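Numbering (the working numbering), first residue to last: 45 to 293. Glycine included, every Cβ here is placed at the ideal spot set by N, Cα and C. The structure displayed is predicted, hence computed values, not measured ones.
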Amino acid sequence: MKPFTVRLNFHGDLTFFLGRKTRVEIIERSLSEKTSVKDVVESCGVPHPEVDLILVDGRPVKFGYALERGADIEVYPVQSACTYVEKDRLQSTGAKRFVADGHLGKLTRNLRLLGFDVAYDRQAQDRQLLGVMESENRALLTRDRRLLMHTVVKAGYCPRSQDANEQTIEVIRRFDLFRSITPFTRCLRCNAPLQKVRKADVINKLEPLTKIYYKDFRRCAGCSQIYWAGSHFSKLQKRLDEIRANFND
Ligand SMILES: [Zn+2]
45 MKPFTVRLNF HGDLTFFLGR KTRVEIIERS LSEKTSVKDV VESCGVPHPE
95 VDLILVDGRP VKFGYALERG ADIEVYPVQS ACTYVEKDRL QSTGAKRFVA
145 DGHLGKLTRN LRLLGFDVAY DRQAQDRQLL GVMESENRAL LTRDRRLLMH
195 TVVKAGYCPR SQDANEQTIE VIRRFDLFRS ITPFTRCLRC NAPLQKVRKA
245 DVINKLEPLT KIYYKDFRRC AGCSQIYWAG SHFSKLQKRL DEIRANFND
């Protein structure tokens, strides 16, 4: 096969994934064999779960589309301004359940605080993460691009920021979660749902001052941790308000 050249133009914040030198520039790739558009896009550093629309010479294609000759490739992120019809979109926004890699402990806590179901094991290896993702149908959250590039990843996201609160906002945006926020309904430690309990049922597990000052209690259905609106709660509430302030429009 005669070598041929394809040109890729990455739109929106997909330039985040490109090497510093190539940012904002059109990238050229020389190919000498039939190659899937997914492989060419990922060879530039952009994981496929970040890509919502690919146009090859103006026509929308799927990730498996085989490139055989020179072409112009436009690559768009999720929720870009580009208004192509739904069927040509490569991602769904609707994920509500997640699995986060071991480096995203604070993001996990924030998302659980907002009521979202996030599987997390600080020591999980890549294979375990992908296993949980597949068997429990969860979207993968990781800053490891190589991991996101695995073919088995159907939905996933790489937080751009290093800051947990900003990451939380990014995830809410990416998966359109704002309307699904239900604060203080999930255990921050183990991810199980919290259940309302009568004070009388937990009173012998409480410190003396907690017994006096608080009347509403919730208990984790998984690890039995008891939650109430104590001082740690107001700290959490403050963080929640900070995150919510970003969605007041
Ligand atoms: Zn728990």
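Delimiting residues of the beta strand (DSSP E) encompassing residue i
| i | result |
| --- | --- |
| V119 | 115 to 121 |
| A163 | 161 to 164 |
| V85 | Premise fails: V85 lies in the alpha helix (DSSP H), 81 to 87, not in any beta strand (DSSP E). |
| T49 | 48 to 54 |
| L75 | 71 to 75 |
| R263 | 261 to 264 |
| R141 | 141 to 144 |
Identity of the residue in the options nearest residue i by Cα
| i | options | result |
| --- | --- | --- |
| R190 | F48, C88, M45, V50 | C88 |
| A199 | K249, E72, L174 | L174 |
| R233 | N154, F54, H147, M45 | N154 |
| H194 | E94, S278, T229, K279 | E94 |
| L52 | G102, I117, L75 | I117 |
| E180 | A168, T152, V143 | V143 |
| Q167 | D145, T152, R156 | D145 |
| C231 | P252, R156, R288, K240 | R156 |
| S74 | F54, P47, V90 | P47 |
| D188 | H92, A289, R288 | H92 |
Any non-hydrogen atom of ligand 1 closer than 7 Å to residue i Cβ
| i | result |
| --- | --- |
| A236 | yes |
| R156 | no |
| G266 | yes |
| C231 | yes |
| Q239 | no |
| Q169 | no |
| Q269 | yes |
Residue i versus residue j: straight-line alpha-carbon distance, rounded
| i | j | result |
| --- | --- | --- |
| A244 | F261 | 10 Å |
| T186 | I256 | 43 Å |
| Q123 | R133 | 10 Å |
| Y271 | F160 | 17 Å |
| F222 | F291 | 8 Å |
| E214 | P203 | 7 Å |
| Q135 | I98 | 11 Å |
| F60 | N209 | 19 Å |
| G149 | K249 | 28 Å |
| E286 | V119 | 33 Å |
| T226 | A139 | 16 Å |
| G216 | M45 | Position check: residue 216 holds Ile in this sequence, whereas Gly was assumed. Their backbone Cα atoms lie some 46 Å apart in a straight line. |
| S278 | S205 | 25 Å |
| V85 | S268 | 47 Å |
| V100 | H147 | 36 Å |
| D212 | N235 | In the sequence on display, residue 212 carries Thr and not Asp. Near 16 Å, if we compare the C-alpha coordinates of N235 and T212. |
| G274 | Q281 | 11 Å |
| R171 | L192 | 12 Å |
| I71 | V241 | 59 Å |
| D96 | T49 | 23 Å |
| T137 | V246 | 40 Å |
| T254 | G266 | 22 Å |
| K78 | V105 | 15 Å |
| L284 | E251 | 26 Å |
| K82 | Q169 | 25 Å |
Residue span of the alpha helix (DSSP H) that contains residue i, given as start and end
| i | result |
| --- | --- |
| N209 | 208 to 218 |
| D96 | Note, D96: premise wrong, no alpha helix (DSSP H); beta strand (DSSP E) at 95 to 100. |
| V176 | 170 to 179 |
| L157 | 149 to 157 |
| A183 | Per DSSP, A183 belongs to no alpha helix (DSSP H); it is in the beta strand (DSSP E), 183 to 185. |
| V246 | 243 to 246 |
| I256 | 252 to 257 |
| R223 | It is not in any alpha helix (DSSP H) - R223 carries neither H nor E in the DSSP assignment. |
Anticipated Cβ contact below 8 Å, residue i with residue j, distance rounded
| i | j | result |
| --- | --- | --- |
| A183 | Y164 | Rounded, the Cβ-Cβ distance is 13 Å, inconsistent with contact. |
| S80 | G114 | So it is not a contact: roughly 16 Å between Cβ atoms. |
| V162 | E178 | Between E178 and V162 the Cβ distance is about 16 Å, and since that is not below 8 Å, they are no contact. |
| R218 | L238 | Not a contact, Cβ separation roughly 26 Å. |
| G63 | P121 | Contact flag wrong, Cβ pair sits at about 17 Å. |
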